[in-house]
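Colleague: Each residue of the sequence shown is one higher than the one before, starting from 26 at the first, in the numbering used here. Structure in structure tokens, see below.
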Amino acid sequence: MLDRQVAPPVQPLASVTLPAADVFSLPNGARLHVLRNAAQPVIRLQIVFPAGKWYDPTSGVSLLTARMLLEGTRTHSARQIADEVAFYGASLECEQGFDRATLTLYCLTRHLKQLLPLVVSVITEPTFPTAELELLKIRTIQNVRIERQKPSYLASERFSRNLFSSSFPYGSVFDEDTFQHITSDEVKAFHHAAYQLSNAEVFLCGDVASEHEDLITHLISQQLSSGLPLAIEENSFVSGPIQDYVVLSESMQSSIRIGRLWPSLSHPDTHSLQVLVKVLGGYFGSRLMKNIREDKGYTYGIYASVSPREHATSFVIGTDVNAESTKSAVQEIHHELLRLQTEPVQFAELQTVQNYMAGKFANELSTVFEQCDKYKNLVFQKLPETYYSDFLSNVRSATPEILLTLAQEYLSPASMVEVIAGPTK
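Take a look at the structure:
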């Protein structure tokens, strides 16, 4: 008889290899990456440009450019774009990140041919109508004003500024006056420089046939570079105040951010460091959750995570607590950091984390779209093809001694930038 009080045995995950992508260099200089999986008659097309916040000539221009792409082209109004996409049961959107901007199309395989000309038109022929641009600026400013009433937003904003400095793109904060005065000419100039199909990385995954590759190659290769690429100055950053406070007098909560600069994904310690961060605060059974949520009851949730970007990587601990518990919560975070520096992780706890990480990794490869996301990470972070197989082996080989040494090097509370946003100091 099955005893449901006894957990089933955990089976170690065998090595995982991502499906190989076919990479084609197109005549105009772009690259096409293809991952095939015919399990479902669906395709995802992503066209990625070096057009994120990192490339902003003026803070906010890259954001406006990405959001305005679907507001009208030379041949389609915004309504016509939306109607055509909806007619085919597809999805089309453009997102701007810290480093890149990505135009993403999801559609049934049989509709790709009909939708591709629209996608290319959105990229190459946007009109950036002034009326829509002004409305977008108003909506964005209103949204930021609302967000800046929240301790979590203010804490994250100040933390990034102090960690990277306001002159570094990752640390620059939204400036309402500067944003309000961005003109359509500035947006058009940025689009002309940053959204060159000749500089794009194109990712096609799903139920892909050779005719789809040929069609994309034909349409994208026709678009040659029509201007000089963006000239980006070398940026450096110097961390600001180690301890900082943002006063939000009406708030009943405090939002805490504690962290530091972190080794990049290409660093030899990166996989073992991911184990260390998981032990500290990377899953529901982590030490921070057990202490500050389950034991002390200061918060509903607390996390520790690493944010890898192309030009810098950061580590952050974040939580929202009752304002009266702020000081105690910070002390308990310091306590958990120091405990990792002085006491080896017990084998049972380490094994739980290793199993969790392996299982989560396997779950993140369940669809071709998720596999493509992992593959994109290799491309943009310039990681070796063995990165993910190395990840599994290095996670399994992490020892309490390795984690203790890494904690002593990277988790000293004295090395952390601390920001609290709340009602009083």
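Even glycine gets a Cβ: it sits at the ideal position worked out from N, Cα and C.
I'd like to check one pair, L140 with S297: are the Cβ atoms closer than 7 Å?
Modeller: The sequence position of residue 297 within the sequence shown is 272, counting from 1. The sequence position of residue 140 within the sequence shown is 115, counting from 1. No; because the gap between Cβ atoms is not below 7 Å, this pair is not in contact.
Colleague: Go through the segment 147-232 residue by residue and report every complete run of the alpha helix (DSSP H) that reaches 4 residues or more, in order.
Modeller: 155-172, 176-189, 201-205, 209-219
Colleague: Is DSSP giving D398 helix, strand or coil here?
Modeller: In the sequence shown, the residue the question calls residue 398 occupies position 373. Three-state DSSP puts D398 in a helix.
Colleague: Taking 8 Å as the threshold, find out whether the segment 388-406 comes into contact with the segment 352-359 through three or more Cβ pairs.
Modeller: no
Colleague: To the nearest angstrom, how far is the alpha carbon of R170 from that of E335?
Modeller: Looking up residue 170 in the sequence shown gives position 145. Looking up residue 335 in the sequence shown gives position 310. The alpha-carbon atoms of R170 and E335 are separated by roughly 29 Å.
Colleague: Taking Cβ to Cβ, would you say T98 is nearer than 7 Å to V147?
Modeller: Reading the sequence shown from its first residue, position 73 is the one you call residue 98. Reading the sequence shown from its first residue, position 122 is the one you call residue 147. Contact flag set, yes.
Colleague: With a Cβ-Cβ cutoff of 7 Å, do L313 and G306 count as a contact?
Modeller: Against the sequence shown, residue 313 aligns to sequence position 288. Against the sequence shown, residue 306 aligns to sequence position 281. A contact, by the Cβ cut-off of 7 Å.
Colleague: Hey, how far is the Cα of A214 from the Cα of F153?
Modeller: Reading the sequence shown from its first residue, position 189 is the one you call residue 214. Reading the sequence shown from its first residue, position 128 is the one you call residue 153. If you take the alpha carbons of A214 and F153, they lie about 11 Å apart.
Colleague: Taking 7 Å as the threshold (C-beta atoms), are P369 and L286 in contact?
Modeller: Numbered from 1 along the sequence shown, position 261 holds the residue referred to as residue 286. Numbered from 1 along the sequence shown, position 344 holds the residue referred to as residue 369. It is not a contact, given that the beta carbons lie outside the stated cut-off.
Colleague: Is the beta carbon of A354 less than 7 Å from the beta carbon of A219?
Modeller: One-based indexing of the sequence shown puts residue 354 at position 329. One-based indexing of the sequence shown puts residue 219 at position 194. No. Outside cutoff.
Colleague: Assuming contact is defined by CB atoms lying nearer than 7 Å, are A126 and F193 in contact in what I supplied?
Modeller: What you label residue 126 is simply residue 101 of the sequence shown in a count that begins at 1. What you label residue 193 is simply residue 168 of the sequence shown in a count that begins at 1. Result no, Cβ atoms of A126 and F193 do not sit closer than 7 Å.
Colleague: Roughly how many angstroms lie between the CA atoms of Q433 and L301, to the nearest whole one?
Modeller: Stepping through the sequence shown from its first residue, residue 433 is reached at position 408. Stepping through the sequence shown from its first residue, residue 301 is reached at position 276. Cα to Cα, the separation comes out at about 11 Å.
Colleague: Drop a sphere of 10 angstroms on the beta-carbon of M93, count the other beta-carbons inside from all chains shown, and report buried for 16 or more, exposed for fewer.
Modeller: The residue labelled residue 93 in the question sits at position 68 within the sequence shown. So M93 ends up on the buried side.
Colleague: Under the three-state reduction of DSSP, which class applies to G54: helix, strand or coil?
Modeller: What you label residue 54 is simply residue 29 of the sequence shown in a count that begins at 1. Coil.
Colleague: Under 8 Å by Cβ, that's how I've got S451 and P52 pegged, so tell me the actual separation to the nearest angstrom.
Modeller: As shown, the chain starts at 26 and ends at 450. That puts residue 451 outside it, with no answer to give.
Colleague: Could you have a look at Q268 and say whether DSSP puts it in helix, strand or coil?
Modeller: Position 243 of the sequence shown, counted from the first residue, corresponds to residue 268. Three-state result, Q268: strand.
Colleague: Return the residue from the list S291, Y131, L95 that minimises the CA-CA distance to C119.
Modeller: To locate residue 119, count along the sequence shown from 1; it is residue 94. Residue L95 is the option with its Cα nearest to C119.
Colleague: Looking at S185 and S280, is the spacing between their C-beta atoms short of 7 Å?
Modeller: For this step, residue 280 is matched to residue 255 along the sequence shown. For this step, residue 185 is matched to residue 160 along the sequence shown. No, the pair does not count as a contact, with Cβ atoms beyond the cut-off.
Colleague: Just to check my reading of the structure: S84 and T165 have Cβ atoms closer than 8 Å, yes? What is that Cβ distance to the nearest angstrom?
Modeller: Here residue 84 is taken as the residue at index 59 of the sequence shown, counted from 1. Here residue 165 is taken as the residue at index 140 of the sequence shown, counted from 1. Not a contact, Cβ separation roughly 12 Å.
Colleague: Let me know the secondary structure DSSP gives F309 once reduced to three states.
Modeller: Residue 309 sits at position 284 when you count from the first residue of the sequence shown. Looking at F309 - three-state DSSP - the assignment turns out to be coil, as it is neither helix nor strand.
Colleague: DSSP puts P333 in a beta bridge; with which residues?
Modeller: Taking the first residue of the sequence shown as position 1, residue 333 is located at position 308. According to DSSP, P333 bridges with T338.
Colleague: Along the chain, where does the beta strand (DSSP E) that runs through Q71 open and close?
Modeller: Here residue 71 refers to the residue found at position 46 of the sequence shown. Run containing Q71: 67-74, per the beta strand (DSSP E) assignment.
Colleague: Tell whether a beta-carbon distance below 7 Å holds between L43 and Y413.
Modeller: The residue you call residue 43 lines up with position 18 of the sequence shown. The residue you call residue 413 lines up with position 388 of the sequence shown. In this structure, the beta-carbon distance from L43 to Y413 falls below 7 Å.
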